[in-house]
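Chemist: Each residue of the sequence shown is one higher than the one before, starting from 1067 at the first, in this note's numbering.
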Amino acid sequence: MRRLPFWIALGVVVTTLIAAPDKQFARTRVADGFDFPVGKPNADGYYKARGFRPNGHLGEDWNGIRGGNTDLGAPIYATANGLVVFARDVRLGWGNVIVIRHIFLEGGDLKTVDSLYGHLDRITVKENQQVLRGQQIGTMGTNRGMYPAHLHFEIHKNIVMGVTRTGFAHDFTNYYDPTNFINVHRKLSGGGHSALVAINTFTDPRTFSAPANGRATLKTEPVSRTAIADSNREAVQEAAKKPRAHTFRVDRFGNFDSF
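Structure representation (structure tokens):
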């Protein structure tokens, strides 16, 4: 009985969010764990050529152990269940980039992170697509020959950044060390439930290419529609008050019904 007030309050919050006209939330599957994005699930056949360093390299570079461009076109996998919120060609030093939003349960609280996959040769998913842990989302690339083939991989604590670094501290206030984060979150409770995650949180004023039209086979079993409030709601709503470009948006309801 002690938990009854919690569930009543949660129901009120969720009902309010679903009815909100600004379409700032979508539903996705709660992560049941995080794996490495190459050589799934344990990065077999790959090594970390460059690691995360605050105020320096803000992600990890993963290369195949055979060196050179032998891993060009190799599959890149979603690190966890989530919703694709960005899948475009950013050009410059990024090339093709995918950002996936994940919600997970930790210490009794729901938390939200973004995983970013850069320099891809090909994007095989599209914005607004639900993905599963270990599902292929693209292939390893060179950003049009700018680099030897590798994956640049980041995990963002701050879901307002997207592919923007200007104006955000380059440290643990906004980023996680990817390998450390994955190792701590390999297995999580809460999988099998759905949850509300904030969408359209990026404040980047730049205009990017049109969304990728990539498609990947999505095989999954039906899941509960139990909605769990997003723990980042207040921060995201505050960010949403700021003017932002409308060059990329994610539909509120995603393709949840295809689960």
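Positions of the beta carbon are idealized from the N, C-alpha and C atoms, including for glycine.
Every value quoted in this text rests on a predicted model; they were computed, and no experiment measured them.
1. If you check the beta carbons only, do Pro1107 and Gly1200 fall under 8 Å apart?
2. Express the C-alpha separation of Gly1159 and Gly1257 in angstroms, rounding to a whole number.
3. What is the DSSP secondary structure of Phe1247, reduced to helix, strand or coil?
4. Which partner residues of Val1226 appear in the DSSP bridge assignment?
5. Got a sec: does the ligand ADP put a non-hydrogen atom nearer than 7 Å to the Cβ of His1236?
6. Name the DSSP bridge partner or partners of Gly1117?
7. The beta strand (DSSP E) spanning Trp1128 covers which residue range?
8. So, are the CB atoms of His1123 and Ala1146 less than 8 Å apart?
9. What residues are listed by DSSP as bridge partners for Asn1162?
10. Less than 8 Å between C-beta atoms, sequence neighbours within five positions excluded: which residues of the same chain meet that for Thr1239?
11. Beta-carbon within less than 6 Å of Glu1126's beta-carbon, same chain only, minus the 5 sequence neighbours each way: which residues are those?
12. I need the DSSP call for Gly1105, collapsed to helix, strand or coil.
13. Kindly indicate the opening and closing residues of the beta strand (DSSP E) around Thr1205.
14. How is Ala1235 classed by DSSP in three states: helix, strand or coil?
15. Thinking C-alpha only, which one of Ile1131, Pro1141, Ala1235, Val1191 is nearest Ala1153?
16. Could you give the distance in angstroms between the alpha-carbon of Gly1111 and the alpha-carbon of Asp1137?
17. At least one CB of chain C closer than 8 Å to the CB of Ser1181: is that the case?
18. Spell out a yes or no on whether the region 1094-1103 and the region 1258-1270 are touching, meaning 3 or more CB-CB pairs, one atom from each, closer than 8 Å.
19. So what does DSSP say about Ser1181, is it helix, strand or coil?
20. Do you know whose CA, among Leu1149, Ala1109, Ile1248, lies nearest Gly1099's CA?
21. For a test of the three-state rule: what should DSSP assign to Tyr1213, helix, strand or coil?
22. Under a three-way DSSP split, which group does Asp1296 fall into?
Modeler: Put simply:
1. Cβ distance < 8 Å, so Pro1107 and Gly1200 count as in contact.
2. About 35 Å.
3. DSSP, reduced to helix, strand and coil, places Phe1247 within a helical segment of the structure shown.
4. For Val1226, DSSP records no beta bridge to any residue.
5. For the ligand ADP, the structure offers nothing, since it holds no ligand at all.
6. In the DSSP assignment, no residue is bridged to Gly1117.
7. Note, Trp1128: beta strand (DSSP E), 1126-1130.
8. Taking C-beta atoms as the reference points, His1123 and Ala1146 fail to come closer than 8 Å.
9. DSSP lists Asp1155, Leu1186 as partners of Asn1162.
10. Counting only Cβ-Cβ distances below 8 Å, and skipping sequence neighbours, we find Lys1223, Asn1224.
11. Contacts found: Lys1114, Gly1117, Phe1118, Phe1219, Pro1244.
12. The answer is helix: DSSP assigns Gly1105 an H, G or I state.
13. Counted as a single uninterrupted DSSP element, the beta strand (DSSP E) harbouring Thr1205 occupies residues 1202-1206.
14. Coil, per DSSP.
15. When each option's Cα is compared against that of Ala1153, the closest is Val1191.
16. Those two C-alpha atoms are separated by around 10 Å.
17. Looking at the structure shown, chain C is missing, and only one protein chain is on hand.
18. With the rule of 3 Cβ pairs closer than 8 Å, the region 1094-1103 counts as touching the region 1258-1270.
19. Three-state result, Ser1181: strand.
20. The residue with the shortest Cα to Cα distance from Gly1099 is Ile1248.
21. Tyr1213 sits in coil when the DSSP states are folded into three classes, being neither helix nor strand.
22. With a pLDDT of only 37 at Asp1296, under the threshold of 50, the placement of this residue in the model should not be trusted, and no figure is reported.
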